[in-house]
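A quick write-up on the structure given underneath.
Protein chains: 2
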Amino acid sequence: MSRTTESAARGGAITDAAASNSVSAICAAAKVASRVLASASSEQKDRALAILAELIEQRAEQILGANQADLSDPRAIGLEPALLDRLELNAARVAAIAAGVRAVIALADPVGEVLEARTIEAGVELEMRRVPIGVVAVVYEARPNVTIDCAALCLKSGNAIVLRGSSYAARSNRVLSEIVVEALHAAGLPADAVALLDGADRAEMAELVTQDGVVDLVIPRGGEGLKNALKEVATVPVIYAASGNCHVYVDLGADLGKALAIILNAKTQRPGVCNAAETLLVHRGAAADFLPEALAALSEAGVELVGDEATRALAAPVAVGRADEEDYRTEYHALKLCVAVVASLDAAIAHVNRYGSGHSDAIVTGSPTSAQRFAAEVDSACVYINASTRFTDGFVFGLGAEIGNSTQKLHARGPIGLRELCTYKYVLSGDGAVRG
Amino acid sequence: MSRTTESAARGGAITDAAASNSVSAICAAAKVASRVLASASSEQKDRALAILAELIEQRAEQILGANQADLSDPRAIGLEPALLDRLELNAARVAAIAAGVRAVIALADPVGEVLEARTIEAGVELEMRRVPIGVVAVVYEARPNVTIDCAALCLKSGNAIVLRGSSYAARSNRVLSEIVVEALHAAGLPADAVALLDGADRAEMAELVTQDGVVDLVIPRGGEGLKNALKEVATVPVIYAASGNCHVYVDLGADLGKALAIILNAKTQRPGVCNAAETLLVHRGAAADFLPEALAALSEAGVELVGDEATRALAAPVAVGRADEEDYRTEYHALKLCVAVVASLDAAIAHVNRYGSGHSDAIVTGSPTSAQRFAAEVDSACVYINASTRFTDGFVFGLGAEIGNSTQKLHARGPIGLRELCTYKYVLSGDGAVRG
Numbered sequence: 001m002s003r004t005t006e007s008a009a010r011g012g013a014i015t016d017a018a019a020s021n022s023v024s025a026i027c028a029a030a031k032v033a034s035r036v037l038a039s040a041s042s043e044q045k046d047r048a049l050a051i052l053a054e055l056i057e058q059r060a061e062q063i064l065g066a067n068q069a070d071l072s073d074p075r076a077i078g079l080e081p082a083l084l085d086r087l088e089l090n091a092a093r094v095a096a097i098a099a100g101v102r103a104v105i106a107l108a109d110p111v112g113e114v115l116e117a118r119t120i121e122a123g124v125e126l127e128m129r130r131v132p133i134g135v136v137a138v139v140y141e142a143r144p145n146v147t148i149d150c151a152a153l154c155l156k157s158g159n160a161i162v163l164r165g166s167s168y169a170a171r172s173n174r175v176l177s178e179i180v181v182e183a184l185h186a187a188g189l190p191a192d193a194v195a196l197l198d199g200a201d202r203a204e205m206a207e208l209v210t211q212d213g214v215v216d217l218v219i220p221r222g223g224e225g226l227k228n229a230l231k232e233v234a235t236v237p238v239i240y241a242a243s244g245n246c247h248v249y250v251d252l253g254a255d256l257g258k259a260l261a262i263i264l265n266a267k268t269q270r271p272g273v274c275n276a277a278e279t280l281l282v283h284r285g286a287a288a289d290f291l292p293e294a295l296a297a298l299s300e301a302g303v304e305l306v307g308d309e310a311t312r313a314l315a316a317p318v319a320v321g322r323a324d325e326e327d328y329r330t331e332y333h334a335l336k337l338c339v340a341v342v343a344s345l346d347a348a349i350a351h352v353n354r355y356g357s358g359h360s361d362a363i364v365t366g367s368p369t370s371a372q373r374f375a376a377e378v379d380s381a382c383v384y385i386n387a388s389t390r391f392t393d394g395f396v397f398g399l400g401a402e403i404g405n406s407t408q409k410l411h412a413r414g415p416i417g418l419r420e421l422c423t424y425k426y427v428l429s430g431d432g433a434v435r436g
Numbered sequence: 437m438s439r440t441t442e443s444a445a446r447g448g449a450i451t452d453a454a455a456s457n458s459v460s461a462i463c464a465a466a467k468v469a470s471r472v473l474a475s476a477s478s479e480q481k482d483r484a485l486a487i488l489a490e491l492i493e494q495r496a497e498q499i500l501g502a503n504q505a506d507l508s509d510p511r512a513i514g515l516e517p518a519l520l521d522r523l524e525l526n527a528a529r530v531a532a533i534a535a536g537v538r539a540v541i542a543l544a545d546p547v548g549e550v551l552e553a554r555t556i557e558a559g560v561e562l563e564m565r566r567v568p569i570g571v572v573a574v575v576y577e578a579r580p581n582v583t584i585d586c587a588a589l590c591l592k593s594g595n596a597i598v599l600r601g602s603s604y605a606a607r608s609n610r611v612l613s614e615i616v617v618e619a620l621h622a623a624g625l626p627a628d629a630v631a632l633l634d635g636a637d638r639a640e641m642a643e644l645v646t647q648d649g650v651v652d653l654v655i656p657r658g659g660e661g662l663k664n665a666l667k668e669v670a671t672v673p674v675i676y677a678a679s680g681n682c683h684v685y686v687d688l689g690a691d692l693g694k695a696l697a698i699i700l701n702a703k704t705q706r707p708g709v710c711n712a713a714e715t716l717l718v719h720r721g722a723a724a725d726f727l728p729e730a731l732a733a734l735s736e737a738g739v740e741l742v743g744d745e746a747t748r749a750l751a752a753p754v755a756v757g758r759a760d761e762e763d764y765r766t767e768y769h770a771l772k773l774c775v776a777v778v779a780s781l782d783a784a785i786a787h788v789n790r791y792g793s794g795h796s797d798a799i800v801t802g803s804p805t806s807a808q809r810f811a812a813e814v815d816s817a818c819v820y821i822n823a824s825t826r827f828t829d830g831f832v833f834g835l836g837a838e839i840g841n842s843t844q845k846l847h848a849r850g851p852i853g854l855r856e857l858c859t860y861k862y863v864l865s866g867d868g869a870v871r872g
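The listed protein sequences correspond, in order, to chains A and B. Counting from 1, one number per residue, gives the positions in the first sequence under my numbering. Counting from 437, one number per residue, gives the positions in the second sequence under my numbering.
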């Protein structure tokens, strides 16, 4: 069946609405579809995902053609190399996208799990059931792979999804989303369960994030600029996958060999990601023993260093620039590290809570008491004891996959996996039960 | 120790901040206190609650004196009787407030529970631990009992609380919050963990709900006006305990005796509460058998009735007014019911999802298939099968107590108990573990 016939096959009022192409009509159609998807069986959802993976492989050429058109668009020419790299697909990347979809099939379906069950008053049986959230909107940058990653996770968790990608990736996203629609249809699921907005302008995004009662959740995947833009306009709940200003604190009495291995791993193994360390804190009683060797090793590894006066005094012959307040707040996303000496465990905890982003923070210590105090009092999604911050990841944590990493405290904290894309409802059954 | 000495005893930078009395200073002090409270033992928190219950009983006279001053304030004279009733305390109500605190002591401490534990890569041990949210702000109307109810639930769940009551209850709230501070101090817990704002003006509330990164959650307890006011200004996450426009649907083939008992209970047992039914839907195949008797019984019970044309055609001799679209949306909070005949189960589900508030909705049916479809497709926090909507309540559900009832889908849905006042964090322990 061609994609044109496919579109026509949606039929009825929903198509008419979607065809009108307004954001509110597209979201309303997604809402209707979400109610069908919420009741779909695991088998049916997995069948759609299997077809999706297959179609992605079969249509690799078409996908790459559309991507080539995005890449050679005059607007794309001016993009920074890092952004162009994210926009670009190739045969290996397309294969990886299909493999990602198959990995989602392998995950357990979170929907329908009975979280609690008990009998309450009047013989009423209470069940707390995990259910999909409904309609999830994902706002993201020019990364076509995100289109499929997010669609697959939402489909598996029974949610309809409205994708708002970047206009730079418009052609790639169009082909990919059409393939998702085709897979849904082939599996007997409603095509409106996935929709792609044009990514045309800010007004479109503002309309999307104010669809109260229709869109149930907005997940932005992007930088601080996108976050601030959403904060101003969104009335629909948003889970911000915010930046990671992560810390490693070396306590008095820590094993300094382990401390060095951890900060080197946390800073240099993959410096561009959100769980990489940005600030090293060292107890003043450990500074003289630890810092000269650690700074030399970090410098050797290509890390640019800035530090407070106490750090700089111990640095020679390594060059350490002067750190200011702004450095404490900065996520470098690069081979650069801020270093500071602190007077105590309390000072370290206070520093992390003041300047950190609540993402991932580590203590290296030999003291179980210090470890537990750090774990309890550092107000972050992930707290590490004698381990690198680099482990924060939905796949590594055993959640299977992630749609982002939340530094908020409500609903989802840390990796947002399938379970976090669900809510729950209470289902109560009686035999004519009334309250006395 | 007098309350003046008590205040002076707080000491240090926090007092200076709180003494400045600005909303931001009070919230910042609550944040510092919240970190201590998060690590407090169950025993210490329960000791504070036991002292609180005792002090409330000992100071009953003082509490009633302050309440009398609120009641006889010239501003209070003009209040509606229902509002005056909510503002008024008496000896029995003070005793009930103390008993409520003791009931919270009896609940299990949710903090520290290990929700998941597993070993991930490199031998790292992962624990997902339940932890307090941090600083919770509660915005409420002129009900002094809420001051203690909410303070007790937040204290038990390890959260600091900033109370923003009504200026009508200012004197009552002041005495009650001072008693909480005294109990905290006597148990060795930080006094800044509970704070009361004056309730003076809207600017104060706007400042409170924009304390990003300091206040972690706002819970409004009030009507739609309060909700809309917050929607406009809040940047801190809010859990709205919204209205309950609840439905009872009588399916084709339902046991009509049970159906009648359920609608009578749902509408008349306590019509002023949010889990009372506001609309009765009846399958057209059951209408002729059910409605004449049901309408007569409801009318007999003092219920004012409005209905669609199909209902009105079956009503004689009972008087049934004409229902319009607005009735479908209205939470009467009174002995008034809207009645409509629907063509099918699908039409009933669509009606509930269109007009309902996602609170509590019931089906009366003999069909397990209809029951499961209604439970799955009605997008409400609580869905009832052959039972009255009136059971929705944190205490009845076995959560122990509730701070409100959420009709949102994120974080908390349905009754907000101690568990819902918590978030979680991942604590990961290694022995120098790094990511490969």
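Ideal placement from N, C-alpha and C gives every residue a C-beta, glycine not left out.
{"Check": "Close beta carbons around A/I14, own chain, < 6 Å, minus the five adjacent residues each side", "Outcome": "With a pLDDT of only 37 at A/I14, under the threshold of 50, the placement of this residue in the model should not be trusted; the figure read from the coordinates follows. Correct list, in chain order: A29, V32 and D192."}
{"Check": "Contacts that B/T671 makes with chain A (C-beta to C-beta distance below 8 Å)", "Outcome": "K231"}
{"Check": "Cβ-Cβ separation, B/I699 to B/A730 (assumed contact under 8 Å), whole Å", "Outcome": "6 Å"}
{"Check": "Cβ of B/Q504 within 9 Å of any chain A Cβ", "Outcome": "no"}
{"Check": "Nonlocal neighbours in the same chain, by C-beta distance under 7 Å from B/T440, ignoring five residues either side", "Outcome": "With a pLDDT of 35 at B/T440, under the threshold of 50, the modelled position of that residue is not reliable, and the figure given next carries that caveat. Excluding residues within five positions, none has a Cβ falling inside 7 Å."}
{"Check": "Beta-bridge pairing of A/H359 - partner residues as DSSP gives them", "Outcome": "Looking at the DSSP assignment, A/H359 forms no beta bridge with any residue, so it has no partner."}
{"Check": "A/E331, DSSP secondary structure in three states", "Outcome": "coil"}
{"Check": "Close Cβ partners of B/D482 (< 6 Å) along its chain, the five nearest in sequence each way excluded", "Outcome": "I541"}
{"Check": "B/C774 (DSSP reduced to helix, strand or coil)", "Outcome": "strand"}
{"Check": "DSSP three-state assignment for A/A423, whether helix, strand or coil", "Outcome": "Note that residue 423 of chain A corresponds to Thr in the displayed sequence, not to Ala. Strand, per DSSP."}
{"Check": "Short-range partners of chain B found in the region 371–390 of chain A, where Cβ spacing is below 8 Å", "Outcome": "A371, R373, A375, A376, E377, D379, S380, A381, C382, V383, Y384, I385, N386, A387, S388 and R390"}
{"Check": "9 Å Cβ cutoff met for B/D585 and B/A837", "Outcome": "yes"}
{"Check": "B/K667, buried or exposed, once every other Cβ within 10 Å from all chains shown has been counted against 16", "Outcome": "exposed"}
{"Check": "Residues of the region 396–428 of chain A with Cβ closer than 9 Å to any Cβ of chain B, in chain order", "Outcome": "V396, F397, G398, Q408, K409, L410, H411, A412, R413, G414, P415, T423, Y424, K425, Y426, V427 and L428"}
{"Check": "Rounded C-alpha distance that separates B/L750 from B/A732", "Outcome": "11 Å"}
{"Check": "Residues that B/V630 contacts on chain A, provided the C-beta gap is smaller than 7 Å", "Outcome": "Per Cβ cutoff of 7 Å: no residues; B/V630 is ~19 Å from chain A at best."}
{"Check": "Three-way DSSP call (helix, strand, coil) for B/D509 in this model", "Outcome": "coil"}
{"Check": "Residue span of the alpha helix (DSSP H) that contains B/A558, given as start and end", "Outcome": "First-last for B/A558: undefined, no H or E at that position."}
{"Check": "Residue(s) in a DSSP beta bridge with A/I161", "Outcome": "A/V136 and A/V194"}
{"Check": "Within 9 Å, strictly: CB atoms of A/L197 and A/E204", "Outcome": "yes"}
{"Check": "Simplified DSSP state of B/H847, which is helix, strand or coil", "Outcome": "coil"}
{"Check": "Counterpart residues of B/H719 in DSSP-defined beta bridges", "Outcome": "B/V778"}
{"Check": "A/G400: first and last residue of the uninterrupted beta strand (DSSP E) it sits in", "Outcome": "Unbroken run through A/G400: none, as it is neither H nor E."}
{"Check": "Proximal residues of chain A, C-beta to C-beta of B/R871 below 7 Å", "Outcome": "N265, Q269, S388, R390 and F391"}
{"Check": "B/Y685 beta carbon less than 9 Å from that of B/V800", "Outcome": "yes"}
{"Check": "At least three beta-carbon pairs within less than 8 Å, the region 368–378 of chain A to the region 339–356 of chain A", "Outcome": "yes"}
{"Check": "B/E856 burial status per 10 Å Cβ neighbour count (16 or more: buried)", "Outcome": "buried"}
{"Check": "Straight-line gap, B/A869 to A/F397 (C-alpha atoms, nearest Å)", "Outcome": "14 Å"}
{"Check": "Beta-carbon gap between B/P728 and B/Y768 smaller than 9 Å", "Outcome": "no"}
{"Check": "Three-state secondary structure (DSSP) of B/P656", "Outcome": "strand"}
{"Check": "Where A/N90 falls, given that 16 or more other Cβ within 10 Å makes a residue buried", "Outcome": "exposed"}
{"Check": "Assigned exposure category for A/V236 - 16 Cβ within 10 Å defines buried", "Outcome": "buried"}
{"Check": "Span of the alpha helix (DSSP H) around B/V645", "Outcome": "Segment: none, B/V645 is in no alpha helix (DSSP H) and carries neither H nor E."}
{"Check": "Cβ of B/E557 within 9 Å of any chain A Cβ", "Outcome": "yes"}
{"Check": "B/R657: contacting residues in chain A (beta-carbon distance under 7 Å)", "Outcome": "Within 7 Å Cβ-Cβ: nothing; B/R657 doesn't reach chain A, min ~18 Å."}
{"Check": "Limits of the unbroken alpha helix (DSSP H) element including B/I533", "Outcome": "A527 to I541"}
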